[in-house]
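Protein chains: 2
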Amino acid sequence: MFGDKWSLLIIRDIVFWGKKTYGDFLRSDEAIATNILASRLAQLEENGILEKKPHPTDKRKDNYFLTEKGMELIPLLVEIVAWSGKLIEWQAVAGTGTPEQVRQVKRFGATKNKARIIQEIRDAVNAGSYFFAPR
Amino acid sequence: MFGDKWSLLIIRDIVFWGKKTYGDFLRSDEAIATNILASRLAQLEENGILEKKPHPTDKRKDNYFLTEKGMELIPLLVEIVAWSGKLIEWQAVAGTGTPEQVRQVKRFGATKNKARIIQEIRDAVNAGSYFFAPR
DNA sequence: CATAGTTGCTTGTATTATGCAAGTGACACG
DNA sequence: CGTGTCACTTGCATAATACAAGCAACTATG
C-alpha cells in the first residue's frame, strides 16, 4: 500500500510539512510528476489512508487528510527519521536543513519519549499545522 | 538506500526468517528475480547495510549479515509489522500465517515493551537464528 | 574420480513503472 | 470579460523490474 517510490513521501509532506493540496505536494523538493501524483493520491484514497474533502473557500481545490489508518503510519515515519538522524551522526550524510531541524531529527532517535513525540506530531497534524518549521 | 521495491524485503528475510544466502533470499514468497537480487545485495553492501562473508563450509556460498547500520533498521521493520497487525485487527486484511505468528505480530503493536521486542529480535539475529517460527 | 547436480551469479530481452511535455475544463481574480 | 491558476489527463520517452536462458565454480554421489 505504500511500498512504491512516492507514497511515503506524500504522507511525510502531510505529517511533517502540513501540506494538504495537489499543488502543495507537487511543490515538494523531490518533484513528483503530475500524473504519478494523481495516481498515488487515488491509490492512497482507495486504500483508506487518505481522504479528500472540498476546500472550504476554493472550489478548484480539495484538501487531502490522513485517515486514522493513515495516522497510524506516523510511528513508521518517526523511525525513518530516527534512522536518518543516525546517518547524520555517523557522518555518512551531510546534514541538510536548519540547525533547529537537525535538533528535532536527533530527538526522534531517543527511544525514551517516542510516545510523546508521536503524540506531538498527531496534534500538529490534527491542528492542520506543520511539525517541522518551514524553510 | 532502501526505498525500492525489494531492499526492505531482503532485510526482513534476514531479521525475521534468519536467511543468509543468495539462495535463501531467492526462495522467499515474493519471488525476486535473480538479476534484481544480485543488484540489490550489491547496493545494500555498498551502502554499508549488509556485508558478506564466505560460507564456513561451502565455498560456492557467501553469508550476508546486517552491519550495525543495518541492525538499526529493525525498529523500522517492527513498525511496519505493527501497522500490518492493525490492518488484521481492522479486518482489512486476511490473517495469513500461523496463530502463533499472528500473536507475535500483534505483540509488535504494544508501544510499552517495544524496546524489549527490538532487543529480542537483535538477539535472534546475532544468534543467527530466526525470530518468527518457520512455516 | 568422473559425472550429475547445486549455487551464485550474468546476459539479453520483454514488460511495467515512472518521467516529461503538452494539453484541458472548471474555477478565481481583477 | 479576459487572464491566470488549479487539478488534473493524455501521449510518448526512459528507467526499473521481470523472465528466460546460460555459465563457471563448486559439491555430492556412485
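These protein sequences, in sequence, are chains A and B.
Mind the numbering: the first sequence is residues 1361 to 1495 in my numbering, read in order.
Mind the numbering: the second sequence is residues 1361 to 1495 in my numbering, read in order.
Where is the CB? At the ideal position from N, CA and C, for every residue including glycine.
Give me whichever residues DSSP pairs with residue i in a beta bridge.
| i | result |
| --- | --- |
| N1423/A | K1413/A |
Would you mind reading off the limits of the alpha helix (DSSP H) that contains residue i?
| i | result |
| --- | --- |
| V1527/A | Since the first and last residues shown for chain A are 1361 and 1495, residue 1527/A lies out of range. |
| M1431/B | 1428-1431 |
| D1418/B | Note, D1418/B: premise wrong, no alpha helix (DSSP H); not H, not E. |
| W1366/A | Where W1366/A is concerned, there is no enclosing alpha helix (DSSP H), given that its DSSP letter is neither H nor E. |
| I1477/B | 1474-1486 |
| I1396/A | 1394-1406 |
| F1385/B | 1382-1386 |
Excluding sequence positions up to five away, which residues of its chain have a Cβ less than 7 Å from the Cβ of residue i?
| i | result |
| --- | --- |
| I1434/A | V1375, I1478, I1481, R1482 |
| Q1464/B | F1492 |
| N1407/B | M1361 |
| K1429/A | G1408, I1409 |
Against residue i, what residues of chain B qualify as contacts under a CB-to-CB distance less than 7 Å, listed in chain order?
| i | result |
| --- | --- |
| E1439/A | P1435, L1436, E1439 |
| K1446/A | E1432 |
| G1363/A | K1365 |
Along chain A, in chain order, which residues have C-beta atoms closer than 9 Å to that of residue i?
| i | result |
| --- | --- |
| W1377/B | Under the 9 Å cutoff, chain A gives no residues; its nearest Cβ is about 18 Å from W1377/B. |
Residue i touches chain A at which residues, Cβ-Cβ below 8 Å?
| i | result |
| --- | --- |
| K1412/B | In chain order: nothing, as chain A lies at least about 20 Å away. |
Can you list, in chain order, the residues of its chain whose CB lies under 6 Å from that of residue i, leaving out five sequence neighbours each side?
| i | result |
| --- | --- |
| A1470/A | none |
| L1368/A | F1362 |
Give every residue of the same chain whose Cβ lies closer than 8 Å to the Cβ of residue i, excluding the five residues on either side of it in the sequence, and list them in chain order.
| i | result |
| --- | --- |
| M1431/A | R1482, V1485 |
| L1447/A | V1453 |
**OP:** Residues of the stretch 1461-1479 of chain A with a CB closer than 7 Å to any CB of chain B: list them in chain order, please.
**Re:** Answer in chain order: T1471, A1475.
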